[in-house]
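Novice: Please find one structure pasted underneath; my questions will follow.
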Amino acid sequence: MHGNIVNASRVLMGDSLGFHILILMFGLTLPILCIWFEYLSKKRNDEKLLNLAKLWSKVMTILVIAGVMSGTVVALQFSLVWPGILKFGGQVIGLPFLFESYAFIIEAVFLALYMYTWNKEKISRNLHMFFGSMVVLGGTLSAFCITTVNAWMNLPKGFDIVGGKLENIQVWKAMFSDTAIIEFAHSMLGYYLAVIMVMASIYAIKLRKERVIDRQRSVNFFVVKKMIILSGILILLSIITGSISAKYLANNEPIKLAQIEAVTKSGAHSSYVFGGILDSNGKLVGPRIVIPNALSLLVGESPNTFVKGLDVVPLSNRPPSYIHSLFDIKMTMVGILSLVIFVFIYGVYKKSKFILKDNYLKILILVGFFGLVIVELGWMLTEIGRQPWAINGYLKTQDAITKTNNITSYGYIFPFFFVILFIVTYLAVRRVTRDPKGN
Amino acid sequence: MYSGLVLFLIPVSIYILLFIYETYLSFKKALRKDHKRNYVEATWEMTHTLLIISLILLFVFYSRSLNELSSAIFAPIFIAGTLLLIRGILYTYIFYVVKKTYSKYLDWLFFFTHLFTLVFLSIVTFKVIQFVINSHPIANTNFLPYFIPGEILTLALILGPMYFIYRIKE
Chain A
1 MHGNIVNASR VLMGDSLGFH ILILMFGLTL PILCIWFEYL SKKRNDEKLL
51 NLAKLWSKVM TILVIAGVMS GTVVALQFSL VWPGILKFGG QVIGLPFLFE
101 SYAFIIEAVF LALYMYTWNK EKISRNLHMF FGSMVVLGGT LSAFCITTVN
151 AWMNLPKGFD IVGGKLENIQ VWKAMFSDTA IIEFAHSMLG YYLAVIMVMA
201 SIYAIKLRKE RVIDRQRSVN FFVVKKMIIL SGILILLSII TGSISAKYLA
251 NNEPIKLAQI EAVTKSGAHS SYVFGGILDS NGKLVGPRIV IPNALSLLVG
301 ESPNTFVKGL DVVPLSNRPP SYIHSLFDIK MTMVGILSLV IFVFIYGVYK
351 KSKFILKDNY LKILILVGFF GLVIVELGWM LTEIGRQPWA INGYLKTQDA
401 ITKTNNITSY GYIFPFFFVI LFIVTYLAVR RVTRDPKGN
Chain B
1001 MYSGLVLFLI PVSIYILLFI YETYLSFKKA LRKDHKRNYV EATWEMTHTL
1051 LIISLILLFV FYSRSLNELS SAIFAPIFIA GTLLLIRGIL YTYIFYVVKK
1101 TYSKYLDWLF FFTHLFTLVF LSIVTFKVIQ FVINSHPIAN TNFLPYFIPG
1151 EILTLALILG PMYFIYRIKE
C-alpha cells in the first residue's frame, strides 16, 4: 500500500513539474528575446521587429497566467505531499525559497510595467528595455534559487548531524554550492536553447507558408537565421557545462553517473556505452556501441581515471535502470539537433540555397521541438537518478512522503486539469500569434 | 512561535482582500447579458504571487512541523488549489481564446471558482491560526536576519513600479 502511495505521489509531482518546466522555460527566455527584438528594431529602425517584440511579450503574459497556476500547484504539492523534505532540511535550505518569492514578485511587477508601457510616449525605448531587463533578472534569480534547492537535494551541504539533530547550520554554504552553480548553468543553457529552437521552428513554418520570391529577404528568414546561430553558440556552451557536469557527477554522485552510463563494474579505463539495457539484476544486455576508455577520459581527462560502478551499491539502493535508456534517447536527440543546427550555420556561411528549401525547413521544424524534450529528459535523469533518495544519503523518498493517503484518492485531478490548461494555453498563444501586430 | 504566523497572515490577508474584489467583478460579469470583458486585466495575475509567497513563508517557517500542518490543511488547500487551476483555465479561455460569444454558464462557473476558492482559502487561513495556537510549532527564525533586509530591498525595488502601474491603469 505504501509503495502505491509513493509511486502515485512521484507520478503526480513529476507531471506537475514537467508541465511547469515547459512554461518556465518560455518565461525565462522570451523576455530576453523580446528585449533583443526591441533593441534590433531600434538599431535598424524596423517596425516589423518591434511588432515581433510586442507579439512575444503578449505570449509571455499568457504563459505567466499558466505559470502562476502551475507554480502554485507545484508549491502546494512539494510541501503537502513531501513534507519530509522540508521537515528534514527546511532550517538549512529554506532561504532560497524565501528569496525565490522576492525574485518572483520582482519579475511579476516589472512584467506588468513592461507590458503597460509599450505605447507610452513618456517612456523611452531604453527605459522600456530596462523594465524588460528587470523581468529577466527576476526570472533568472528565481530559477537560480529553486535550482539551488534541487542541487542541495542532490548533494546536501551546510550542516552537521550531531546526536540525530542538525547542527552548525550554514545557510549560505547550503545555497551557494558548486552543485548549484553547475546545475544552474547547464539547465539555463538548456532552457534558452529549447525555446530559441522552438522560435526557429515557428518562423520556419511561417517562412514555408509565406509567398515571397526571395525567401532570403524575408523577416521570417532573418529570425530563423538569428535563432539558429544563437542555438549554435548555446550548443557549444552546453557541451562545456555538460562535460563539467559529468566530472561533478563522477566525484559527487557516482551512482547516478554509473546508472546513467551503465557502468556495471568499478575501475579505470571505463568505457562509454551507448545502447543496451540494464536488466533487473543490473547486468547490461542487448546490442550496444562501446567506446573504450571514453568515460574515464571524459570525467578525468585520462584513461586511467577510476570510475565508480554499480557494483559498490546493493541493487535496492540503485536508481531505476531505465535511466540509461533515457540518457541514450537524450543524447541521440542532442546529436540530431546539433547536426541540423550546424548544417544550417554552414549553409548560411556558404550562402547556400539548400537551407531555404522546403525539405530542409521541414526537418528544421520537426527537430526544433527536440529541445523541449531534451530539457524534460534532463530533469528526469536528475530526479530519477537520485532515487531511492529524496535528499541524497539522508532521507529516502518513501520516508519523505505525507502520512495521509489522500493523495491516491484525488491527486490525479491535477494532471487532468494540467492537460486542459495546456490545451487552453496553446489555443490562446495560437490566437495571439496569428495577429502579426501582436494586438 | 508567532513570527511565522504573522509573516504568513500579512500577504495572505492582502491576497484574500484583492481576491474578494476579483470575485465581485466576476459576479458582475456573470450578471451581464452581454459578453463585455469587464474584469481585471492580466497584470492582476501579479496579485496571485502573494498567494505563492504566503504558502512559501508558511511552509518554510514551520518546516519542522510540516507533517502535522499538512495533515491539518491538506483537504481545503488541495481543493483551493484545484479551484484556482480551473479559474486559470476559464480565465485564459474567456479572455484569450474565445472571440465573441460563449455560453454564459462559463461566466457563472468562473464566478463560482472564485467564490469557493475564497471559502477554502479562508478555511486554510483559519486552520493555520488554529494549528499555531494549539500546537505551538517551532518557527525557523534563523532566516529572519536575511529575510527582513531582503524584504526591504524588494519593496524598495517594486513599490515605485507598482504605484506607476496602478496610476496609469484605466
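For the record, the sequence lines run as chains A and B.
Take the first sequence: its position 258, counting from 1, is numbered 258 in the numbering used here, and each next residue is one higher.
Just so we're on the same page, the numbering used here is the position in the second sequence counted from 1, plus 1000.
Every residue gets a Cβ at the ideal spot worked out from N, C-alpha and C, and that includes glycine.
Quick one: using the 10 Å Cβ neighbour count with 16 as the cut-off for buried, is residue 391 of chain A buried or exposed?
Specialist: buried
Novice: Give every residue of the same chain whose Cβ lies closer than 7 Å to the Cβ of residue 440 of chain A, excluding the five residues on either side of it in the sequence, and list them in chain order.
Specialist: Absent from the structure is residue 440 of chain A, since the part of chain A shown begins at 1 and ends at 439.
Novice: In this structure, does DSSP put residue 1085 of chain B in helix, strand or coil?
Specialist: In the structure shown, residue 1085 of chain B sits in a helix (DSSP, three-state: H, G or I).
Novice: Just verifying my parser: in three-state terms, what is the DSSP assignment at residue 118 of chain A?
Specialist: coil
Novice: Would you tell me roughly how many angstroms separate the C-alpha atoms of residue 236 of chain A and residue 171 of chain A, rounded to the nearest one?
Specialist: 34 Å
Novice: When you compare each of B/1016, B/1100 and B/1109 to residue 1088 of chain B by their alpha carbons, which one comes out closest?
Specialist: B/1109
Novice: When Cβ atoms are compared, which residues of the segment 38-65 of chain A fall closer than 8 Å to chain B?
Specialist: 61, 62, 64 and 65
Novice: Rounded to whole angstroms, what's the CA-CA distance from residue 159 of chain A to residue 1154 of chain B? Just pull it up for me.
Specialist: 28 Å
Novice: If you measure from the beta carbon of residue 1017 of chain B to each beta carbon in chain A, is any gap under 8 Å?
Specialist: no
Novice: Is any beta-carbon of chain A found at less than 8 Å from that of residue 1097 of chain B?
Specialist: Yes - at least one Cβ of chain A is within 8 Å of the one on residue 1097 of chain B.
Novice: Going residue by residue through the segment 1050-1136 of chain B, where are the continuous alpha helix (DSSP H) segments of at least 4 residues, counting only ones entirely within it?
Specialist: 1066-1092 and 1104-1135
Novice: From residue 200 of chain A to residue 357 of chain A, what distance separates their C-alpha atoms?
Specialist: Those two C-alpha atoms are separated by around 15 Å.
Novice: So which residues on chain B does residue 425 of chain A lean against when the C-beta distance must stay under 8 Å?
Specialist: 1092
Novice: Check whether the segment 75-85 of chain A and the segment 130-145 of chain A are in contact - that is, three or more C-beta pairs closer than 8 Å.
Specialist: No, the segment 75-85 of chain A is not in contact with the segment 130-145 of chain A.
Novice: I'd like to confirm the pairing. Which residues does DSSP put opposite residue 288 of chain A in its beta bridges?
Specialist: A/275
Novice: Please tell me whether residue 72 of chain A has its Cβ less than 8 Å away from any Cβ of chain B.
Specialist: yes
Novice: Using the rule of at least 16 other Cβ atoms within 10 Å of the residue's Cβ for burial, across every protein chain shown, is residue 1145 of chain B buried or exposed?
Specialist: exposed
Novice: Excluding five sequence neighbours on each side, which residues of the same chain lie with their C-beta closer than 6 Å to the C-beta of residue 93 of chain A?
Specialist: 149, 152 and 174
Novice: Are the CB atoms of residue 417 of chain A and residue 1085 of chain B nearer to each other than 8 Å?
Specialist: A distance below 8 Å separates the beta carbons of residue 417 of chain A and residue 1085 of chain B.
Novice: Please tell me whether residue 105 of chain A has its Cβ less than 8 Å away from any Cβ of chain B.
Specialist: yes
Novice: In the structure shown, what three-state DSSP assignment does residue 23 of chain A receive?
Specialist: helix
Novice: Hey, is residue 153 of chain A's beta-carbon within less than 8 Å of any beta-carbon in chain B?
Specialist: It does not: the Cβ of residue 153 of chain A has no partner Cβ on chain B nearer than 8 Å.
Novice: Taking contact to mean 3 or more Cβ pairs, one atom from each stretch, closer than 8 Å, check whether the segment 218-232 of chain A and the segment 192-209 of chain A are in contact.
Specialist: yes
Novice: Nearest-angstrom Cα distance between residue 258 of chain A and residue 308 of chain A?
Specialist: 7 Å
Novice: Closest to residue 310 of chain A by C-alpha separation, out of A/333, A/328 and A/256, would be which residue?
Specialist: Of the candidates A/333, A/328 and A/256, A/256 places its Cα closest to the Cα of residue 310 of chain A.
Novice: If we require 3 or more residues per run, which beta strand (DSSP E) segments fall completely within the segment 284-372 of chain A?
Specialist: 284-291
Novice: Three Cβ pairs or more, each shorter than 8 Å: is that satisfied between the segment 27-43 of chain A and the segment 122-140 of chain A?
Specialist: yes
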